[in-house]
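J.: Handing you a structure now.
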Amino acid sequence: MSTTKENTSAIGSPQETTAAKLRDRGPVIVVLLVWFAMLSAALVLVAIYGSNVPSWDDWDMVPAVTGHQPVTFQWLWSQHNEHRVPVPRLAYLALMHLIALDFRVGMYFNVLATAALALAMVLTIRRVRGHSSYFDSFVPVVLLNWSQGPSFLWCWQVQFYASMLLAGVVLILVVRTRPRPKLSLGMTIGICLCLLPLCGANGVGLVPALALWLGYTAFLYWSTGTFAGRRDAVILGLFAGTAILLVSFYFIGYHRVPYHPSTHNPLVMLKTATQFLTMGFGPGVVGLSFIQRSPMRFWSIICAAVTGLFLLTSWMLLTIWRKQPDERPRAAGLLLFLVAMASLAVGLSMGRDGFEIRYVTLSVPALCAVYFVWSLYGAPRLQNAIRAILLATALIVLVPNTLWGLRYARDLRTHLAAFEADMAAGLSPYQLIHRHADYLHPHHLVILDYLPMLREGQVGTFRQLRDDPVFQEISLPLAPVELHAMEWDNGVARATAANAWLTFELPEDVQTSAIRLRYTYSNHKGTEPYLAIYWKSSDQPDFSEGSYSKYSPTGDRANWKAGTWTRLGDEFSTVYVAVSHPVKSVRLRLRFETGTMKIHELTLLALVEGAAQ
-17 MSTTKENTSA
-7 IGSPQETTAA
3 KLRDRGPVIV
13 VLLVWFAMLS
23 AALVLVAIYG
33 SNVPSWDDWD
43 MVPAVTGHQP
53 VTFQWLWSQH
63 NEHRVPVPRL
73 AYLALMHLIA
83 LDFRVGMYFN
93 VLATAALALA
103 MVLTIRRVRG
113 HSSYFDSFVP
123 VVLLNWSQGP
133 SFLWCWQVQF
143 YASMLLAGVV
153 LILVVRTRPR
163 PKLSLGMTIG
173 ICLCLLPLCG
183 ANGVGLVPAL
193 ALWLGYTAFL
203 YWSTGTFAGR
213 RDAVILGLFA
223 GTAILLVSFY
233 FIGYHRVPYH
243 PSTHNPLVML
253 KTATQFLTMG
263 FGPGVVGLSF
273 IQRSPMRFWS
283 IICAAVTGLF
293 LLTSWMLLTI
303 WRKQPDERPR
313 AAGLLLFLVA
323 MASLAVGLSM
333 GRDGFEIRYV
343 TLSVPALCAV
353 YFVWSLYGAP
363 RLQNAIRAIL
373 LATALIVLVP
383 NTLWGLRYAR
393 DLRTHLAAFE
403 ADMAAGLSPY
413 QLIHRHADYL
423 HPHHLVILDY
433 LPMLREGQVG
443 TFRQLRDDPV
453 FQEISLPLAP
463 VELHAMEWDN
473 GVARATAANA
483 WLTFELPEDV
493 QTSAIRLRYT
503 YSNHKGTEPY
513 LAIYWKSSDQ
523 PDFSEGSYSK
533 YSPTGDRANW
543 KAGTWTRLGD
553 EFSTVYVAVS
563 HPVKSVRLRL
573 RFETGTMKIH
583 ELTLLALVEG
593 AAQ
């Protein structure tokens, strides 16, 4: 194995230096033009298809960004699903308050931060190798293509980009490590490692392997036997230890998200992990369909090839570490970076879909690391072959990735633009929620409670939001007409098996704007319920999935019981469903486990006759 040395172009005759600069000019210009083109395309994507409308997890930030919810350490450290995200939350708030109260600000941040990382990587590899290469175009192509559209166009994805950027900075600094990292570089890596656990589970998964490398470099410093070396070793060791402690603190008081899929089957985990690593190339590499989100027939061969490349790269790094002592710190760092990415893939494989399109953002640093390795090490012909394969693959899938991202962007923009148009046209909140909740948030109560905050904050079209009309509240008699795997006793329902349900009924149909349920719930696990609400009119033969909504614990952990931040003081839980439909019967279903639910109120909200909608 040969090693590419640090830049030595300044050593030699003036003629040699001039000739080297001339040879380098073409690749530099091409790579920078590719970077600029990819950045411009990503910015155009956000400019055309970005919407100043919160989507899904964005809604949990609305009380804080509008100034209604105080920013406390307790909230910053609290879980959001399985994540503790104080750093992304602070970054989100800073962007909103320092630039503009506009959800597109985070989208532009996602693009610009990724572009800055891509440029830093390109410049780093040129510096350590001593010259540029046309193959370096791989980095901006793989980082900035439109397969990142689902993340570029979502402000909340500041969370994913925070950990991606920190991982990318660590990778760059590891590449610059030869023979040992300077103390300043080591401390910067240590700071990144301490920030990663504060970016969510996607950061936690990276820390152990990277902290091990920082500990290894501390050992190398200690081995020098000098006072300065041992001082530096202690400093780096403290950073590594602090990062591990933060990972430990992450799990103190941690609550697993109920009802999320989970597996410990090794074969399933291996398959999902390889899918995740392959998705760094984008959905086009496995022919992922937009509607069914299913891959092409031979996707497993592609995943096996990508996994084989990772294994080959790891084997080469082990060989470099064994045979080239001067390269050991850098080779170990690159190897443990790949181990860190594999650790993230394994952690994700326990309960997530490996072909989830948003995970392109988390997976792509692994491919960048592979490119770095083959730019630094290996026989020249093999170096060029691997780098050519990486670039060719990124270019081949660029078209399907672009089309995939464009289709996603158009679909998202079409629905959110329709929401804004309906709001500007004067539709009431219950109507907006009924029509557009699929692209806003699965829990209607979150949208209902936080819409007025956006109006008070003068956020875009939300300043035109009108109030709901006056509703007549019609209580359903709390005497179930049907029971399945459920016992009923004076307002208390006890599910004796999974998928238990009970049905309530009115004497006649009521044109209903919304359904409101207030209840308290308990089970042996101490979790909140997975609760489904169905409704139907008298002319419908049975309940259907078309007239259905559900509540399950998601988003900010503190709000799982109450439903939203504004209701934290309530003694009961509330579920609200906008229906805009005639209703005679309502069915409540506890889907997955036994539990006890006391129903305090089951109410239909109907328009007062003659009142404006």
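Quick note, the sequence shown lines up with residues -17 to 595 if you use this note's numbering.
We treat Cβ as the ideally placed atom computed from N, Cα and C, and that holds for glycine.
By the three-class DSSP mapping on this structure, what secondary structure does residue 57 have?
T.: helix
J.: Assuming residue 495 is part of the beta strand (DSSP E), what are its boundary residues?
T.: 482 to 504
J.: Going by Cα to Cα distance, which pick from 397, 362, 291, 255 is closest to residue 375?
T.: 291
J.: Report the rounded CA-to-CA distance for residue 520 versus residue 591, giving the unit in angstroms.
T.: 21 Å
J.: Confirm, please, whether the CB-CB distance from residue 405 to residue 50 is below 8 Å.
T.: no
J.: Quick check on the burial criterion: 16 or more other C-beta atoms within 10 angstroms. Buried or exposed for residue 363?
T.: By the neighbour-count rule (16 or more Cβ atoms within 10 Å), residue 363 is not buried but exposed.
J.: Thinking C-alpha only, which one of 25, 24, 33, 6 is nearest residue 399?
T.: 33
J.: Which partner residues does residue 567 have in the DSSP bridge list?
T.: 487, 518
J.: Please specify which runs of the alpha helix (DSSP H), each continuous and at least 4 residues long, are wholly inside the region 151 to 189, giving them in chain order.
T.: 165 to 177, 183 to 186
J.: Starting from the C-beta of residue 395, find all residues in its chain whose C-beta is less than 7 Å away, skip the five residues before and the five after it, and write them out in chain order.
T.: 31, 33
J.: Just to confirm before moving on: does the CB-CB distance between residue 588 and residue 456 stay below 8 Å?
T.: yes
J.: So what's residue 589 in DSSP terms, helix, strand or just coil?
T.: strand
J.: Grab me the residues of residue 432's own chain with a C-beta within less than 6 Å of its C-beta, minus the 5 sequence neighbours each way, in chain order.
T.: Around residue 432, the same chain offers 41, 44 as residues with beta carbons nearer than 6 Å, after the five sequence neighbours per side are excluded.
J.: Residues in its own chain within less than 7 Å of residue 296 by CB, not counting five upstream and five downstream?
T.: 317, 320
J.: Give the single residue among 208, 333, 202, 169 whose Cα lies nearest to the Cα of residue 243.
T.: 333
J.: For residue 24 and residue 126, which I take to be in contact (beta-carbon distance under 8 Å), what is that distance rounded to the nearest angstrom?
T.: 5 Å
J.: Measure the alpha-carbon distance for residue 371 versus residue 526 and round it to whole angstroms.
T.: Linking residue 371 to residue 526 through their CA atoms gives a straight-line distance of about 50 Å.
J.: For residue 476, report the span of its beta strand (DSSP E) as first-last.
T.: 474 to 477
J.: With a Cβ-Cβ cutoff of 8 Å, do residue 101 and residue 17 count as a contact?
T.: yes
J.: Taking residue 9 as the reference, give the member of 307, 70, 118 with the closest Cα.
T.: 118
J.: Can you tell me whether residue 560 is helix, strand or coil according to DSSP?
T.: Here residue 560 sits in strand by DSSP.
J.: How is residue 456 classed by DSSP in three states: helix, strand or coil?
T.: strand
J.: For residue 91, is the classification buried or exposed, using 16 other Cβ atoms within 10 angstroms of its Cβ as the cut-off for buried?
T.: With 16 or more neighbouring CB atoms inside 10 Å of its own CB, residue 91 falls in the buried class.
J.: For the structure I just gave you, are there three or more beta carbon pairs, one from the region 329 to 349 and one from the region 82 to 91, closer than 8 Å?
T.: no
J.: So, under 8 Å CB-CB, residue 196 and residue 150 are touching, yes? Tell me the CB distance rounded to an integer number of Å.
T.: Actually they are not in contact, since the Cβ atoms of residue 196 and residue 150 sit about 17 Å apart, beyond 8 Å.
J.: What is the rounded straight-line gap between the Cα of residue 269 and the Cα of residue 130?
T.: 15 Å
J.: Per DSSP, residue 532 is paired with what?
T.: Looking at the DSSP assignment, residue 532 forms a beta bridge with 514.
J.: State the beta-bridge partners of residue 338 as determined by DSSP.
T.: Paired residues: none, contrary to the question.
J.: Would you list the one or two residues that DSSP bridges to residue 253?
T.: Residue 253 pairs with nothing; no bridge assigned.
J.: Out of curiosity, what's the CA-to-CA distance linking residue 35 and residue 495?
T.: 23 Å
J.: Per DSSP, what are the beta-bridge partners of residue 466 in this structure?
T.: 483
J.: Do you know offhand how far residue 554's Cα is from residue 536's?
T.: 17 Å
J.: Which word fits residue 164, buried or exposed, when buried means at least 16 other C-beta atoms lie within 10 angstroms of its C-beta?
T.: Burial state of residue 164 is exposed, judged by a 10 Å Cβ sphere holding fewer than 16 other Cβ atoms.
J.: Here's the rule I'm using: 16 or more other beta-carbon atoms within 10 Å means buried, otherwise exposed. How should residue -13 be labelled?
T.: Residue confidence for residue -13 is low, a pLDDT of 47 falling below 50, so the modelled location carries little weight and cannot support an answer.
J.: From 263, 378, 276, pick the residue whose C-alpha is nearest to that of residue 347; which is it?
T.: 263
J.: Go ahead and pull the three-state DSSP assignment for residue 431.
T.: helix
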